[in-house]
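Everything below concerns the one structure shown next.
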Amino acid sequence: MSAAKATSGNLFADDPAFQVTAQTISVLPPLPLAGPYDYLVPEGISVAPGDFVEIPLGRQNQRGVVWGPAKGDVESSKLREIYGVLPTEPMADVTRRFVDWVSAYTMAPQGAVLRMAMSVPDALEAPKPIFRFTLNADFDAASLRMTPPRKRVLAFLADHPPMEQGDILRETGAGASVVKGLVEAGAVQRLMVTPPSPFDLPDLEIPRPDLSDEQTAAADALCAQVERGGFSCTLLDGITGSGKTEVYFEPIRAALAQGKQVVVLLPEIALSAQWLQRFRDRFGVNPALWHSEVGQARRRDTWRAVADGSAKLVVGARSALFLPYHDLGLIVVDEEHEHAFKQEDGVIYHARDMAVARAHLGNIPVVLASATPSLETLANVEAGRYQRVELGSRHGAAVLPSVEIIDIRSDKPERNRWITPTLKKRLVETFASGEQAMLFLNRRGYAPLTLCRACGHRFQCPNCTAWLVEHRAWGKLQCHHCGYQAKAPDTCPECGAEGKLAPCGPGVERLFEEAVETFPDIRVEVATSDNIMGPKAAAELVKRVHNHEVDLLIGTQILAKGYHFPMLTLVGVVDADLGLAGGDLRAAERSYQLLTQVAGRAGRGDRPGTVILQTADPANRVIKAIAAGDRNAFNEVELSQRMTHGMPPHGRLAALIISGKKENEVDEAAWRIGRAAPRGDGLMILGPAPAPLSLLRGRYRRRFLIRADKGVKMQALIHDWLSKVKTPGSVRVQVDIDPYSFM
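The sequence shown maps to residues 1 to 743 in UniProt numbering.
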């Protein structure tokens with residue numbers, strides 16, 4: 001996505017005629033509605049753009065944001081009045097323009113986008129007042145009937161500054177009625193105080209760690225952009241272990257020194273324990289966290305602190321981009337290539353691209369960091385739209401690991417085993433040296449499929465076109481798409497045969513079972529999103545590995561992101577071919593990125609590392625590129641193939657997903673949409689066709705894929721197309737601009 005497209009769709013925010021006493025206004029509620037509604041402003045109430053207001057909507061009360069002057073398409077006599085202005089900071093103009101821009105780009109309703117920026121309704125309420133109690137210096141204590149509890153309270157307050165009631169009661173053993181009586185008598189004053197910010201200010205005086213000359217040059221270049229101001233987008237392109245985090249901490253410090261706010265987007269914020277520790281070491285405080293594991297009360301405090309500017313640095317998942325920043329000065333997108341930045345439900349967007357748009361609208365810098373940048377980002381660098389700063393060496397004495405390929409067709413594992421003899425030998429040598437190892441298999445559970453050897457029955461999710469994954473440790477079969485669970489049966493539900501149910505293929509639990517049997521004297525731990533949930537669990541895992549309480553880590557892709565274990569010297573990829581098959585446009589790119597990141601966990605300390613790729617296709621260009629360490633060659637071939645077929649970044653893609661509870665209604669709607677499909681040069685429309693997951697969470701799904709030349713205005717084309725077709729309310733039509741998933 002070109003940053004040049006990031007222009008405002010809000011026509012009202014800068015209107016000089018709209019100040020604080022307009023009689024009619026437009027208000028956007030956080031609902032999936034096409035746009036704002038007009039309202040009257042009662043006499044005596046003043047409003048301004050961005051104010052949060054309470055409004056009547058239908059038969060309910062709703063909150064919304066003043067979006068601008070009234071549109072004027074409804075007579076004033078038919079308009080309803082707003083109830084009032086809510087006690088919170090107004091939404092900044094740049095945030096409102098961002099909502100408009102995201103809505104226009106993703107073709108999502110404005111109100112649905114606004115809902116992401118108003119995700120904490122409680123934050124719009126006035127915070128509960130805090131009261132503290134202190135002695136009244138003018139009160140004559142001789143006039144007070146004294147009791148032992150009253151004496152203790154008065155003596156305590158005489159020696160302390162104003163205190164909250166809970167502290168007084170805890171220290172004196174008095175009851176709440178004692179404090180109340182002293183206030184009513186005039187001996188004690190009750191003071192209302194402003195709640196302090198829950199976030200401490202970063203310490204900008206902590207000396208930065210020693211950086212290499214290469215790191216220093218990169219940090220200085222990024223800091224110069226912050227100090228210069230204005231929009232810029234820079235790729236921080238550094239190999240695994242090159243110290244990218246310490247480098248982008250420096251422009252963060254520069255932005256904080258200007259009094260600005262900073263947001264850092266991480267793909268797996270709930271699993272980033274080491275990153276958070278590095279931040280604490282660098283700035284002396286914890287950042288404001290924003291992700292799904294944060295409790296509701298903390299979310300409310302964080303939202304308000306972001307809005308009033310007291311939260312200076314936010315670290316979060318993709319949704320953190322939509323917080324109502326008071327004065328945002330820098331955006332950092334770490335691991336910018338990660339597929340996790342793409343939201344597939346609700347408003348469908350890619351947080352990396354939206355971060356660039358938000359930076360452009362706010363006229364501020366954005367840094368994209370990765371060891372394996374996306375092809376879209378590299379294309380923008382080559383076109384001169386983005387700048388690039390490179391880190392080509394690992395930090396300190398560490399060097400990149402050597403990579404070996406094992407052909408499992410000749411170096412075969414034992415029957416019902418997955419570790420080849422060569423990898424087994426290397427593991428034995430690693431453990432004997434007192435070092436640690438990792439086995440990577442991007443497949444959760446015990447086995448991805450269970451079937452009956454008597455009749456061939458396969459266990460499938462009743463809500464999705466997906467096999468149920470066996471989780472033997474739980475005794476359950478689970479769908480990883482909708483969450484459906486069933487107890488693992490003893491007999492086949494189709495033919496009733498006993499003892500004929502067989503797991504097919506390995507998951508990490510099955511690999512764990514093999515490792516324990518093969519290496520009974522070592523300490524093995526499994527790390528997946530099933531058992532490492534949230535920062536606390538991740539921090540405990542990091543501590544155990546650093547304390548060498550773990551010899552062998554077995555895990556999925558959550559171990560590929562940023563972990564630094566100095567004694568981990570061997571990484572074995574059990575099935576390097578997983579993810580290479582299928583018709584996914586980005587299968588090769590994604591597999592290269594994931595395997596490179598996994599390989600980067602080895603040899604990050606003083607000891608050299610080794611990576612072993614087990615594969616049945618050693619000639620595959622992804623495998624060969626990783627073994628050769630030749631990222632540029634891989635990217636050139638991939639970009640060339642994309643150009644030949646007009647695929648991103650050399651062309652544009654969009655998808656239409658038609659879904660509903662009744663298959664016949666979905667097929668009928670898809671047929672009608674297909675008949676109205678546009679035609680023209682530089683345009684190709686495929687479908688309708690059943691999606692690979694043709695049933696998902698109980699909804700039948702059909703897909704169209706639209707491929708167009710770069711110059712085609714995709715959103716206008718799709719809007720015109722869909723406006724010609726009426727679909728029943730029971731059928732949902734979703735638009736995915738720049739799709740990343742083809743499921």
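Cβ atoms here follow ideal geometry from the backbone N, Cα and C, with glycine treated the same way. Just so it is clear, the structure is predicted and the values come from calculations on it, not from any experiment.
Pair within 7 Å by beta-carbon distance, residue i and residue j
{"i": "His337", "j": "Ser393", "result": "no"}
{"i": "Ser659", "j": "Arg699", "result": "yes"}
{"i": "Thr528", "j": "Thr556", "result": "yes"}
{"i": "Ala486", "j": "Leu477", "result": "yes"}
{"i": "Val389", "j": "Thr245", "result": "no"}
{"i": "Pro42", "j": "Glu81", "result": "yes"}
{"i": "Val306", "j": "Leu323", "result": "yes"}
{"i": "Pro161", "j": "Leu191", "result": "no"}
{"i": "Ala219", "j": "Leu391", "result": "no"}
{"i": "Asp575", "j": "Asp617", "result": "no"}
{"i": "Gly572", "j": "Leu439", "result": "yes"}
{"i": "Val524", "j": "Ala515", "result": "yes"}
{"i": "Leu204", "j": "Ala257", "result": "yes"}
{"i": "Glu164", "j": "Arg208", "result": "no"}
{"i": "Thr88", "j": "Phe52", "result": "yes"}
{"i": "Pro29", "j": "Gly111", "result": "yes"}
{"i": "Asp709", "j": "Gly687", "result": "no"}
Unbroken beta strand (DSSP E) run spanning residue i, endpoints
{"i": "Trp67", "result": "60–69"}
{"i": "Leu375", "result": "Looking at the DSSP string, Leu375 is not in any beta strand (DSSP E); the run it does join, the alpha helix (DSSP H), is 375–382."}
{"i": "Gln261", "result": "261–265"}
{"i": "Pro535", "result": "First-last for Pro535: 535–546, but that is the alpha helix (DSSP H), not the beta strand (DSSP E)."}
Residue i - partner residues in DSSP beta bridges
{"i": "Ala655", "result": "Leu705, Asp736"}
{"i": "Lys476", "result": "His471, Lys487"}
{"i": "Ser370", "result": "Asp237"}
{"i": "Ser103", "result": "BP columns for Ser103 are empty, so no partner."}
{"i": "His360", "result": "Answer is none; His360 lacks a bridge partner."}
{"i": "His350", "result": "Lys342"}
{"i": "Cys452", "result": "Leu501"}
{"i": "Phe133", "result": "Met163, Arg190"}
{"i": "Ala716", "result": "Ala716 pairs with nothing; no bridge assigned."}
{"i": "Glu390", "result": "Asp237"}
{"i": "Arg96", "result": "For Arg96, which the question treats as bridged, DSSP gives no partner whatsoever."}
{"i": "Trp721", "result": "Answer is none; Trp721 lacks a bridge partner."}
{"i": "Trp290", "result": "Gly316"}
{"i": "Met684", "result": "Arg707"}
{"i": "Pro678", "result": "According to DSSP, Pro678 bridges with nothing at all."}
{"i": "Asp38", "result": "Ser26"}
{"i": "Thr610", "result": "Ser402, Leu570"}
{"i": "Thr615", "result": "Asp407"}
Where the alpha helix (DSSP H) through residue i begins and ends
{"i": "Cys223", "result": "213–228"}
{"i": "Ser433", "result": "That residue, Ser433, is in no alpha helix (DSSP H); it is neither H nor E in DSSP."}
{"i": "Tyr248", "result": "244–257"}
{"i": "Ser591", "result": "587–599"}
{"i": "Gly111", "result": "110–117"}
{"i": "Leu204", "result": "First-last for Leu204: undefined, no H or E at that position."}
{"i": "Trp275", "result": "273–283"}
{"i": "Asp327", "result": "Asp327 -> no alpha helix (DSSP H), and no H or E assigned at all."}
{"i": "Gln641", "result": "631–645"}
{"i": "Val178", "result": "176–185"}
Integer Cβ distance of residue i from residue j, believed to fall under 8 Å
{"i": "Val666", "j": "Arg697", "result": "Incorrect: roughly 14 Å between the Cβ atoms, too far for contact."}
{"i": "Leu361", "j": "Trp101", "result": "6 Å"}
{"i": "Asp407", "j": "Thr615", "result": "7 Å"}
{"i": "Ile206", "j": "Gly329", "result": "Contact doesn't hold; Cβ gap of about 20 Å is too wide."}
{"i": "Pro36", "j": "Val27", "result": "6 Å"}
{"i": "Leu427", "j": "Phe512", "result": "With a Cβ gap of about 14 Å, Leu427 and Phe512 do not count as contacting."}
{"i": "Phe742", "j": "Pro692", "result": "7 Å"}
{"i": "Ala92", "j": "His326", "result": "7 Å"}
{"i": "Pro109", "j": "Ala34", "result": "6 Å"}
{"i": "Leu594", "j": "Gly579", "result": "7 Å"}
{"i": "Val294", "j": "Val333", "result": "Incorrect: roughly 20 Å between the Cβ atoms, too far for contact."}
| query | Do three or more CB pairs link the region 141–160 to the region 169–182 at distances below 8 Å? | reply | yes
| message | Quick check: the region 306–321 against the region 223–233, are at least 3 beta-carbon pairs closer than 8 Å? | response | Segments in contact, no.
| Okay, do the region 51–65 and the region 137–148 touch, 3+ Cβ pairs below 8 Å being the bar? | no
| Contact the region 560–568 vs the region 531–550: 3+ CB pairs below 8 Å | yes
| request: Pair every Cβ in the region 648–655 with every Cβ in the region 617–629, then say whether three or more of these pairs are closer than 8 Å. | output: No contact exists between the region 648–655 and the region 617–629.
| said: Pairs of beta-carbons, one from the region 94–110 and one from the region 724–739, closer than 8 Å: are there three or more? | reply: yes
| task | Check whether the region 260–278 touches the region 502–510, taking contact to mean three or more Cβ pairs, one atom from each stretch, closer than 8 Å. | result | no
| If you pair each beta-carbon of the region 460–475 with each one of the region 679–698, do three or more pairs fall below 8 Å? | yes
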